[in-house]
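Here the protein sequences come in this chain order: A and B.
In terms of my numbering, the first sequence opens at residue 24 and continues consecutively.
In terms of my numbering, the second sequence opens at residue 43 and continues consecutively.
Shown next, in C-alpha cells, is the structure this report addresses.
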Amino acid sequence: MSETPTNPRYAPGTHPDLPPPRRTTGALGWVRSNLLSSPLNVALTLLSVWLLWTILPPSIHWLFTGAIWTAVDRKECWALMDAPRDGACWAFIRGSFELFVYGWYPEPERWRVNLTFILFIAAIVGGLRENIPGKKYWLIFAAAYPFIAAWLLLGGFGLEPVGTNKLGGILLTLVVAVTGISFSLPLGIALALGRRSNLPALRGVCVIFIEFIRGVPLITLLFVASTMLTYFLPPGSTFDLLMRVLIMVTLFASAYIAEVVRGGLQGLSSGQYEAADALGLSYWKAHRLVILPQALKISIPGIVNTFIGSFKDSTLVLIIGMMDILGLGRARLNDPEWLGLAPELYIFISLFFFISCFAMSRYSLNLEKKLQTGHKS
Amino acid sequence: MNQETSVSPIGSRLNESDSKIISIKGMHKWFGDFHVLKDINLEVAKSERIVICGPSGSGKSTLIRCINRLEEHQQGSIIVDGTELTQDLKNIEIIRSEVGMVFQQFNLFPHLSVLDNVTLAPIWVRKLPRAEAEEQAMQYLERVKIPEQASKYPGQLSGGQQQRVAIARSLCMNPRIMLFDEPTSALDPEMIKEVLDVMIELAESGMTMLVVTHEMGFATAVADRVIFMDEGEIIEEKPPKDFFENPEHDRTKLFLSQILHH
C-alpha cells in the first residue's frame with residue numbers, strides 16, 4: 024500500500040474524473056497476487072509444481088513420444104517399444120477407426136454417412152449462426168435435416184436400403200444423441216406450456232407424463248423399448264428397435280427439458296404477459312414473440328445441461344445390445360489381436376465425448392453473452 | 043373496424059348512448075372470497091379524461107384492468123366501444139386492440155429494441171407491413187420525444203424514457219381509449235414531469251383517458267372528472283375543482299388531507 028498522494032483541492036462542481044489508483048500489474052504482479060500471496064499459497068504452489076513435475080513427463084511420454092501409431096496387432100506394438108506398455112498403442116485406434124466411426128455400414132455406401140456428417144455440420148452452422156445470408160433457408164434446411172439424414176442413412180427412394188442393425192459406433196451414438204436432442208426441445212417446450220395451461224385436462228396429461236418419465240430410469244425405459252413394446256404391438260408387425268429406442272430417448276429428454284423451460288417461464292414477471300395481452304396479441308403470438316424468447320434465454324444453461332446429459336446417456340443403449348461407440352469399443356477389446364488395450368480405447372472415447380460436450384457448453388456460453396441486452400443492469 | 047370515425051371533441055355529444063365509449067353497470071369482482079369491486083357504475087364519454095384516485099387496496103387498478111380484461115369481472119356488464127366483455131375470446135382481442143394500457147412497471151419487452159417493442163403489435167396484430175409500421179413508430183417516438191433511442195434496448199434507458207416508449211407502444215395501435223395504471227409511481231422525481239408532459243399532450247389531442255394516479259397537479263390540469271375510490275366502491279366523482287375544494291365525504295377529506303400535506 025502506497026501513501027495516498029495529497030490530491031489538489033477542487034472548487035465544488037469542478038472535480039475532474041481521475042484515473043483509479045495504480046495496482047501491481049503485469050505478469051509478475053499476477054504471479055505475486057495469485058500464487059505467492061501468503062505462506063499457505065506458497066506451499067500450495069510448490070506442491071502443485073512438484074505434482075506436475077512428477078506426472079506430466081511420464082504422461083507425455085506414454086501418450087505421445089513413446090506411443091506407437093502403426094502396427095498390425097498389440098504384439099507388434101510392444102515389440103516396437105523399449106518395454107511392453109511403455110507407451111500407448113494408438114495403432115489399435117487407427118486400425119479400428121473405420122469400424123468405430125461407421126459400425127457395420129456397408130463399405131461402398133459409406134459416402135452417404137460422410138455426406139450426412141457434412142450436412143449435419145452445415146445444418147448446425149447454418150441454423151445457429153445469426154448473421155448468415157439466407158437465414159430463413161438455412162433454418163428450413165436445419166428443420167428438414169433429420170428427415171434428409173434418415174433417408175441418406177437408411178436408404179430407399181433410389182438409394183440402396185441399409186438396415187438399422189448396420190448402424191454402430193460414433194454413427195449410432197450421433198444418431199441417438201442428435202435425434203434425442205433435436206426432437207426433445209420442441210416436445211419439451213410444448214409440455215412446459217401444457218403444464219402451465221388453464222385447461223385442467225391438458226395440464227393433467229402433461230404433469231402425469233413429465234412425472235412418470237422423470238420417475239423412471241432411462242435404462243428401464245430402454246428395456247421397455249426393447250422387450251415390452253412388442254407385446255403392445257399387433258402380432259407379426261415389426262417396429263424397428265432403433266426407432267423404439269429413439270422415441271424413448273426423446274421422451275426421456277423432453278421431460279427434463281419441459282421442467283427446465285417451465286423454470287424459465289416462471290422467471291418472467293407477470294407484467295410481460297399482461298403487456299402482451301394488453302396489446303391484443305393472441306396466446307400463440309404472445310408466446311412466440313414475447314414469452315418464449317425470454318424464457319428460453321433464461322433456460323439456456325439448463326437446456327444445454329440436459330442436452331449434454333442426454334448425449335452421454337446415449338451410451339446406455341449398449342445395455343440392450345446396441346453397439347454405439349462404447350459398446351463397439353468394448354467388443355473390440357475382446358479381439359485377440361488387441362486384447363488388453365482398454366486405456367487407449369477409453370481415452371479415445373472420453374476425448375470424443377469431451378470434445379462434443381465441451382463444444383455444446385462453449386456454444387451456450389457464447390449464446391448467453393450474445394442474447395444479453397443489458398436489462399439486468 | 044370503426045377507426046376512421048373521427049373522435050368527437052367534448053361538448054359536441056349528439057346523443058347520450060352514442061357518445062358513451064365505456065359503460066360499466068352494476069359490476070362486481072372478487073379475488074377468491076375477497077370482494078374487491080362492489081357495484082361499480084361508470085360511464086365514460088368519448089374524449090373524456092378521468093382520474094381515479096384512492097388509498098392503496100381500494101380497487102382502482104383492478105377497475106381499469108377489468109376494462110381490457112386483464113381481470114375478469116364476475117357480475118354486471120362492461121361495454122367498451124359497443125362490444126360487451128364476455129368469455130368470448132374474439133371480443134376480448136378486439137377490445138384489447140382498441141384499448142391501450144400503460145403500466146406502473148412499464149413492462150417493455152427487454153429482449154427487443156425500442157423500435158421492435160413499438161412495431162410488434164402493429165405488425166403482428168394489425169398486419170401492417172414492416173416499413174409502414176416503422177414509419178408510424180418513428181412518428182410516435184418523436185411525439186414522446188425519444189426518436190434517437192429507437193435502436194437501443196429498454197435496459198439501456200432511464201425509467202422516464204422507458205415509460206414514454208411504453209406510451210408510444212400503446213399509441214401505435216391507434217387505440218380509442220388509453221388506460222394508465224399509476225404511470226409515474228415507479229419513477230424518480232425528476233422523470234415524472236417528462237412522462238406527465240406526454241400525457242398532457244395526449245389529453246389535449248382528444249384521447250379518451252382513464253388514469254389511476256396520485257399526481258393531483260395532473261388531475262387539476264387535465265381531468266374532466268376525478269373519481270375517488272375506497273374499499274372497492276366509488277365514493278365520490280366530481281370535476282377536479284369541486285373535488286379538491288368541496289369534497290363531500292369524510293373519507294375523501296381524510297384522503298385529500300393525507301396526500302396534500304406532504
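Backbone N, C-alpha and C define an ideal beta-carbon position, used for all residues, glycine too.
In this text, all values refer to a predicted model and were calculated from it rather than measured experimentally.
Could you name each continuous alpha helix (DSSP H) segment of 4 residues or more that falls completely within the segment 212–260 of chain A, going from the start of the chain to the end?
-> 223–237, 241–246 and 252–255
Would T250 of chain B pass as a contact of K67 of chain B if the rule is Cβ separation under 8 Å?
-> As a first step, residue 250 of chain B is located in the second sequence; it is residue number 208 there, counting from the start. As a first step, residue 67 of chain B is located in the second sequence; it is residue number 25 there, counting from the start. The criterion of a C-beta distance shorter than 8 Å is not satisfied by T250 of chain B and K67 of chain B.
Alpha carbon to alpha carbon, how far is E224 of chain B from E126 of chain B?
-> In the second sequence, counting from the first residue as 1, residue 224 of chain B sits at position 182. In the second sequence, counting from the first residue as 1, residue 126 of chain B sits at position 84. If you take the alpha carbons of E224 of chain B and E126 of chain B, they lie about 26 Å apart.
Does the separation of the CB atoms of P169 of chain A and G178 of chain A fall below 8 Å?
-> In the first sequence, residue 169 of chain A corresponds to position 146, counting from 1. In the first sequence, residue 178 of chain A corresponds to position 155, counting from 1. No, they are not a contact pair.
CB contact check: G303 of chain A to chain B, cutoff 8 Å = Position 280 of the first sequence, counting from 1, holds the residue named residue 303 of chain A. Interface residue, yes.
In the DSSP assignment, find the unbroken alpha helix (DSSP H) run with R355 of chain A in it and report its ends.
-> The count along the first sequence starts at 1 and reaches residue 355 of chain A at position 332. Per DSSP, R355 of chain A belongs to the alpha helix (DSSP H) from I348 to L356.
How many angstroms separate the CA atom of V253 of chain B from the CA atom of G96 of chain B?
-> Here residue 253 of chain B refers to the residue found at position 211 when the second sequence is read from its first residue. Here residue 96 of chain B refers to the residue found at position 54 when the second sequence is read from its first residue. When rounded, the distance between both Cα atoms is 12 Å.
Residue closest to G149 of chain A, alpha-carbon to alpha-carbon, out of A:P129, A:A167 and A:G126 | Against the first sequence, residue 149 of chain A aligns to sequence position 126. Minimum Cα distance to G149 of chain A is reached at A:A167.
Exposed or buried, what is G287 of chain A when buried is set at 16 or more other beta-carbons lying within 10 Å of its beta-carbon?
-> Along the first sequence, read from residue 1 onward, the residue named residue 287 of chain A stands at position 264. Result: buried.
Can the beta-carbon of M23 of chain B be found closer than 8 Å to that of L221 of chain B?
-> The first residue shown for chain B is 43 and the last is 304, placing residue 23 of chain B beyond what the model contains.
Quick one: list the residues of chain B neighbouring E297 of chain A, beta-carbon separation under 9 Å, in chain order.
-> As a working mapping, residue 297 of chain A is identified with position 274 in the first sequence. What E297 of chain A touches in chain B: R107, L112, M143, F145 and N149.
DSSP state of C95 of chain B mapped onto helix, strand, coil = Taking the second sequence and counting its residues from 1, one reaches residue 95 of chain B at position 53. Three-state result, C95 of chain B: strand.
Can you tell me the Cα-Cα spacing of Q146 of chain B and V228 of chain A, whole angstroms?
-> Position 104 of the second sequence, counting from 1, holds the residue named residue 146 of chain B. Position 205 of the first sequence, counting from 1, holds the residue named residue 228 of chain A. In a straight line, the C-alpha of Q146 of chain B is about 37 Å away from that of V228 of chain A.
How about the segment 342–354 of chain A and the segment 233–251 of chain A: do they share at least three Cβ pairs that are nearer than 8 Å?
-> With a cut-off of 8 Å on Cβ pairs, the segment 342–354 of chain A is in contact with the segment 233–251 of chain A, counting three or more such pairs.
Reduced DSSP secondary structure (H/G/I, E/B, other) of I87 of chain B | Taking the second sequence and counting its residues from 1, one reaches residue 87 of chain B at position 45. The sequence shown places Ala at residue 87 of chain B, not Ile. The three-state secondary structure of A87 of chain B, taken from DSSP, is strand.
Neighbourhood of R107 of chain B by C-beta, 6 Å cutoff - its chain only, sequence neighbours within 5 removed = Here residue 107 of chain B refers to the residue found at position 65 of the second sequence. E113, listed in sequence order.
Which residues in chain A sit within 8 Å of S139 of chain B, going by Cβ to Cβ distance?
-> Working through the second sequence from its first residue, we reach residue 139 of chain B at position 97. L302 and G303, listed in chain order.
The segment 69–89 of chain B touching the segment 115–123 of chain B, judged by at least three CB pairs closer than 8 Å | yes
Is DSSP giving Q117 of chain B helix, strand or coil here?
-> The sequence position of residue 117 of chain B within the second sequence is 75, counting from 1. DSSP places Q117 of chain B within a strand segment (E or B) once states are collapsed to three.
When we look at the beta-carbon of R32 of chain A and count the other beta-carbons within 10 Å, is it buried (16 or more) or exposed?
-> Within the first sequence, numbered from 1, the residue matching residue 32 of chain A stands at position 9. Exposed, because fewer than 16 other Cβ atoms sit within 10 Å of the Cβ of R32 of chain A.
Give, in chain order, every residue of the segment 230–244 of chain B whose Cβ lies closer than 7 Å to some Cβ of chain A.
-> none
Scan the segment 167–242 of chain B and note each continuous alpha helix (DSSP H) run of 4 residues or more that stays entirely inside, going in chain order.
-> 172–185 and 201–213
Compute the distance between the beta-carbons of G126 of chain A and G191 of chain A, then report whether it is under 8 Å.
-> Here residue 126 of chain A is taken as the residue at index 103 of the first sequence, counted from 1. Here residue 191 of chain A is taken as the residue at index 168 of the first sequence, counted from 1. Yes, they are a contact pair.
Within the 8 Å Cβ cut-off, does L312 of chain A reach chain B?
-> For the purposes of this step, residue 312 of chain A is taken as the residue at position 289 of the first sequence. For L312 of chain A, the answer is yes, since a Cβ of chain B falls inside 8 Å of its Cβ.
Contact list for the segment 312–330 of chain A against chain B, Cβ threshold 9 Å = Listed by position, the residues of the segment 312–330 of chain A near chain B (Cβ gap below 9 Å) are L312, V313, P316, Q317 and K320.
The ligand NAP heavy atoms versus the CB of G68 of chain B: any closer than 7 Å?
-> Among the components of this structure there are no ligands whatsoever, and the ligand NAP is therefore not found.
Three CB pairs or more closer than 8 Å across the segment 267–285 of chain A and the segment 328–336 of chain A | yes
Quick one: grab the DSSP three-state call for E140 of chain B.
-> For the purposes of this step, residue 140 of chain B is identified with residue 98 of the second sequence, where counting begins at 1. Three-state result, E140 of chain B: helix.
Return helix, strand or coil for F376 of chain A, following the three-state DSSP convention.
-> By 1-based counting over the first sequence, the position of residue 376 of chain A is 353. F376 of chain A: helix per DSSP, three-state reduction.
Give the interface partners of V167 of chain B over in chain A, defined as CB-CB distance under 9 Å, in chain order.
-> On the second sequence, residue 167 of chain B is found 125 positions in, with the first residue counted as 1. Residues of chain A passing the Cβ test: L302, G303, L304, S305 and K308.
Got a sec, what are the start and stop residues for the beta strand (DSSP E) T250 of chain B sits in?
-> Counting from 1 along the second sequence, the entry for residue 250 of chain B is found at position 208. Run containing T250 of chain B: T250 to V254, per the beta strand (DSSP E) assignment.
Indicate whether at least one CB of chain A lies closer than 8 Å to the CB of L162 of chain B.
-> Within the second sequence, numbered from 1, the residue matching residue 162 of chain B stands at position 120. Proximity of L162 of chain B to chain A, defined by a Cβ-Cβ separation below 8 Å, is satisfied.
Do the CB positions of R285 of chain A and R355 of chain A come within less than 8 Å of each other?
-> Here residue 285 of chain A is taken as the residue at index 262 of the first sequence, counted from 1. Here residue 355 of chain A is taken as the residue at index 332 of the first sequence, counted from 1. Contact: no.
Kindly indicate if chain A contains any beta-carbon less than 8 Å away from that of E90 of chain B.
-> Numbered from 1 along the second sequence, position 48 holds the residue referred to as residue 90 of chain B. For E90 of chain B, the closest Cβ of chain A is not nearer than 8 Å.
Whose C-beta lies closer than 7 Å to the C-beta of L194 of chain A among residues of the same chain, with five residues either side of it excluded?
-> Counting from 1 along the first sequence, the entry for residue 194 of chain A is found at position 171. Cβ neighbours of L194 of chain A beyond the five flanking positions: V124, Y125, G126, Y128 and V136.
For E135 of chain B, which residues in chain A fall below 7 Å Cβ to Cβ?
-> The count along the second sequence starts at 1 and reaches residue 135 of chain B at position 93. G303 and S305, listed in chain order.
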